[in-house]
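Asks: The numbering of the sequence shown is the numbering used here, which starts it at 10 and goes up by one. Pasting a structure here, questions to come.
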Amino acid sequence: MGVASYFEFVTTLFGWILYQGIWAVLVDTGIVFIPLIAMVLGHVLDSHKGGDDEGSAAIQSLKKIEADFIAMLGVLIFAAIPMLDVELTDMEYHKPALRCTDSPETIPGTATGTTFDATLATMADQTGSIPLWWAMLHWVSKAVTAGSVAAIPCSYDVASVEYRLAEANLEDPVLNQELEQFKNDCWRPAYSRLSRTTMASLTPAEKQDATWLGSTYLLGSGLYDRYHSTVPNPQFAFDATRDAGYEAYQVEGGFPDCRAWWSDGAVGLRRRVLDNIPADLRNEMIYNADNLIQETSTVTLSASEREDVFLRKYLAVKRASEAVGSDMPLAVTYGDGAGQVRQGRFADWRNSENPVLQRAGSVLNTGASLILGEPVRDAGAAGVALIGSALKAPAAMGEGYAMRNGISLFQSLALMMMIIALPFLLIFGRYGLRALITLSVIYFGFHFLTFIWAVAFWVDNNLIHLLTSAGGLSVFASGTSVTQSLILLYVSRFLYIVFPILYLTAVGWVGYAAGAGVSSVLQSHGVQSGAIGATGGQVVGQMVTKVATKGKA
């Protein structure tokens with residue numbers, strides 16, 4: 010039995026274990042026979058309501074009972090009574106290669122290599138049971154879904170890059186403080202001098218490059234040679250020539266110039282920051298043969314250039330508040346607007362520079378005061394605060410990442426709840442073919458959500474790649490537009506939430522229509538059979554009357 014995720018190992022086995030237990034309870038209490046009894050009594054009552062004039066009422070009733078009983082018995086045997094065992098040893102996860110860095114693999118339920126193994130170990134000796142119909146439908150659903158997913162081209166997971174970089178905190182507080190010190194002692198005065206002197210003569214690329222700590226232009230133009238650390242740095246030895254006048258601090262360390270402080274191959278900030286970032290993330294994005302920076306870029310980069318691209322993006326995404334207790338990003342090209350929404354400035358309409366928010370806040374606040382009075386005068390401001398929180402696209406990176414990676418849990422849980430409820434749904438549906446067809450379409454629809462979210466994954470990543478292709482670096486470009494962030498945030502919400510809801514709504518309608526169509530065909534057949542039976546009864550009645558008349562004669 011195949012599953013579509015690690016979590017589905019747990020929910021599928023647990024669901025069919027509960028199905029077996031619930032069905033046993035319903036059999037022991039006799040509840041499973043209620044629809045059969047209700048069907049027989051219903052037809053008998055209908056025949057009595059027809060009166061005795063028809064002559065063939067009893068025959069028609071018997072035929073209807075026979076036809077309905079055969080149909081209900083078929084549903085009961087094939088779709089309700091559990092017959093096949095569901096065991097963990099028979100379950101496999103055929104993991105697709107949606108990411109171009111992955112390879113398809115088959116993972117057994119007894120050894121997933123994840124934290125689910127602990128839970129699965131407690132269920133390994135338990136066995137569930139599944140009816141024949143649902144076993145066949147499960148197999149068909151997984152086969153169709155797997156084939157459809159295999160047809161989707163792989164894509165690089167660029168949608169989660171910013172969140173993963175933001176989560177890769179520098180654990181060394183000394184290094185964090187040193188980054189802040191470098192910004193104050195080196196980048197800030199160098200950039201300020203550049204702004205006062207030659208900024209107007211720079212190309213757009215040079216202006217863009219000068220906005221981060223490891224700027225190639227600042228390093229190469231000599232500006233970083235003019236400044237040095239204002240505090241002793243224990244990473245650098247005291248140099249009597251370079252550090253003349255600071256002899257009192259020679260025990261604590263040297264005072265390197267900004268060029269050496271940043272780019273020294275052994276103890277420079279550049280190398281130490283790279284070495285303190287988790288190795289798996291660093292290798293995946295910089296050093297692997299299929300590293301993410303090169304694979305998503307349209308320009309060819311050396312290893313050193315990839316390191317600079319990675320560092321620039323990392324410092325742009327990383328909040329200084331997470332590192333050194335400051336509200337200023339370590340790389341200002343993340344966007345002033347992004348900084349505002351990240352700091353929540355859009356949530357306060359009174360201080361906002363956005364005229365739309367100011368207008369909306371004023372209207373909502375005034376309306377609340379007029380309608381509800383002084384106690385709720387600030388209700389408008391609260392409403393705009395909600396709007397402001399929705400606009401915090403950079404701060405919603407975690408929300409987007411959690412949505413992409415956790416939304417599939419809904420599918421597993423929905424399937425589990427449907428499996429648990431199946432005995433009751435079939436009984437309430439009176440073992441009818443209409444109910445069975447409707448439930449079957451919905452069951453298939455839940456399984457096919459795997460394909461829907463695989464499509465969402467591909468569209469999401471490729472849309473991000475298209476919208477962030479500035480300079481050929483795609484998502485690793487240092488600057489991030491607030492508008493682009495908002496577009497990507499809401500498109501992701503549509504792809505992963507709204508689109509599946511629309512799809513499930515359509516599936517539910519199709520299932521209902523299919524069930525109604527089957528029911529209509531059966532009712533039509535029943536009417537025709539009843540008409541034929543009535544005609545036959547009239548003929549038999551006439552023959553019996555003639556025979557009786559001749560006998561009297």
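Even glycine gets a Cβ: it sits at the ideal position worked out from N, Cα and C.
Any idea if M92 is buried or exposed, counting beta-carbon neighbours within 10 angstroms, 16 or more meaning buried?
Replies: Its Cβ having fewer than 16 others within 10 Å, M92 is exposed.
Asks: Under the three-state reduction of DSSP, which class applies to L424: helix, strand or coil?
Replies: Three-state result, L424: helix.
Asks: Where do the ends of the beta strand (DSSP E) carrying V95 lie?
Replies: Looking at the DSSP string, the run of the beta strand (DSSP E) that includes V95 is L93 to V95.
Asks: Using the Cβ count rule (16 or more neighbours within 10 Å means buried), how would you classify M10?
Replies: Its Cβ being crowded by 16 or more others within 10 Å, M10 is buried.
Asks: K191 to S204, Cα distance in whole Å?
Replies: The question names Lys, but residue 191 in the sequence shown is Phe. Approximately 18 Å, taken between the alpha carbons.
Asks: Taking 8 Å as the threshold (C-beta atoms), are A133 and L9 in contact?
Replies: Residue 9 lies beyond the residue range present for the chain, which begins at 10 and ends at 562; the question has no answer from this structure.
Asks: Taking the C-alpha atoms as reference points, what is the distance between I74 and I40?
Replies: One C-alpha to the other measures close to 20 Å.
Asks: Curious, which full-length alpha helix (DSSP H) runs of at least 4 residues does the stretch 411-465 contain?
Replies: Counting whole runs of 4 or more residues, the stretch 411-465 contains the alpha helix (DSSP H) stretches 417-437.
Asks: Assuming I31 contacts P432 (C-beta within less than 8 Å), just tell me the rounded distance between them.
Replies: Between P432 and I31 the Cβ distance is about 5 Å, and since that is below 8 Å, they are a contact.
Asks: The alpha helix (DSSP H) spanning I31 covers which residue range?
Replies: Unbroken alpha helix (DSSP H) run through I31: Y15 to T38.
Asks: Which class does D266 belong to by DSSP, given the choice of helix, strand or coil?
Replies: Of the three classes helix, strand and coil, the one that applies to D266 here is strand, per DSSP.
Asks: Considering only residues of the stretch 141-200, which uninterrupted alpha helix (DSSP H) runs meet the minimum length of 4 residues and lie entirely inside it, listed in chain order?
Replies: Fully enclosed alpha helix (DSSP H) runs of 4 or longer: 141-159, 170-176 and 182-191.
Asks: If you compare alpha carbons, which of Q303, L82, W148 and V530 is closest to Y165?
Replies: If we check each option's Cα against that of Y165, Q303 comes out closest.
Asks: Could you tell me the alpha carbon to alpha carbon distance between L22 and K72, rounded to whole angstroms?
Replies: The alpha-carbon atoms of L22 and K72 are separated by roughly 41 Å.
Asks: In or out: Y236 buried (at least 16 other Cβ within 10 Å) or exposed?
Replies: By the 10 Å Cβ count, Y236 comes out buried.
Asks: When you compare the stretch 314-324 with the stretch 292-301, are there three or more beta-carbon pairs, one atom per stretch, that lie closer than 8 Å?
Replies: Yes, they touch.
Asks: Going by the CB atoms, is the gap between L435 and V84 shorter than 8 Å?
Replies: Yes, they are a contact pair.
Asks: May I have the straight-line CA-CA distance separating S224 from I473, to the nearest angstrom?
Replies: Computed Cα separation, rounded: 26 Å.
Asks: Using CA coordinates, which residue listed in K151, S14 and I68 is at the minimum distance from F453?
Replies: That would be K151, whose Cα lies nearest to the Cα of F453.
Asks: Which residue wins for smallest C-alpha separation from E176, given the options F42, F419, W25 and Y323?
Replies: Taking only the C-alpha atoms, the option nearest E176 is Y323.
Asks: Rounded to whole angstroms, what is the Cα-Cα separation between L424 and I461?
Replies: Distance between the alpha carbons of L424 and I461 is about 15 Å.
Asks: Considering Cα atoms alone, identify which of I451, R251 and T207 is closest to W518.
Replies: Considering only alpha carbons, the answer is I451.
Asks: Return the chain-ordered list of same chain residues with a C-beta closer than 7 Å to the C-beta of E114, the five sequence neighbours on each side being excluded.
Replies: Cβ within range, chain order: K104.
Asks: Can you list, in chain order, the residues of its chain with a C-beta nearer than 8 Å to that of D234? Leave out the 5 residues immediately preceding and following it.
Replies: Only D266, C267 and R268 meet the Cβ criterion.
Asks: Are the beta-carbon atoms belonging to S306 and L482 less than 8 Å from one another?
Replies: Yes, the pair counts as a contact, with Cβ atoms nearer than the cut-off.
Asks: Which value, in whole angstroms, describes the spacing of the CA atoms of H52 and A525?
Replies: So the two alpha carbons sit approximately 21 Å from each other.
Asks: Could you say if the stretch 191-202 and the stretch 494-506 meet the contact criterion of at least three C-beta pairs nearer than 8 Å?
Replies: No: the two stretches stay apart, fewer than three of their Cβ pairs being nearer than 8 Å.
Asks: I need the DSSP call for E215, collapsed to helix, strand or coil.
Replies: Helix at E215.
Asks: Can the beta-carbon of A463 be found less than 8 Å from the beta-carbon of V153?
Replies: No, Cβ-Cβ distance for A463 and V153 is not below 8 Å.
Asks: Please give me, in chain order, every unbroken run of the beta strand (DSSP E) with length at least 3 that falls completely inside the stretch 88-128.
Replies: For the stretch 88-128, whole beta strand (DSSP E) runs of length 3 or above, ordered along the chain, are 93-95, 101-104 and 114-117.
Asks: Helix, strand or coil for G223? Go by DSSP, reduced to three states.
Replies: It is coil, neither helix nor strand.
Asks: Thinking C-beta only, is T20 closer than 8 Å to S421?
Replies: In this structure, T20 lies closer than 8 Å to S421 by Cβ.
Asks: In three-state DSSP terms, what is S306?
Replies: S306 falls in the coil class under three-state DSSP.
Asks: Determine the closest residue to W467 out of I26, A144 and V500, with distance taken between C-alpha atoms.
Replies: Here the closest residue by C-alpha is V500.
Asks: Tell me the residue span of the beta strand (DSSP E) that contains S238.
Replies: Element bounds for S238: n/a, residue is neither H nor E.
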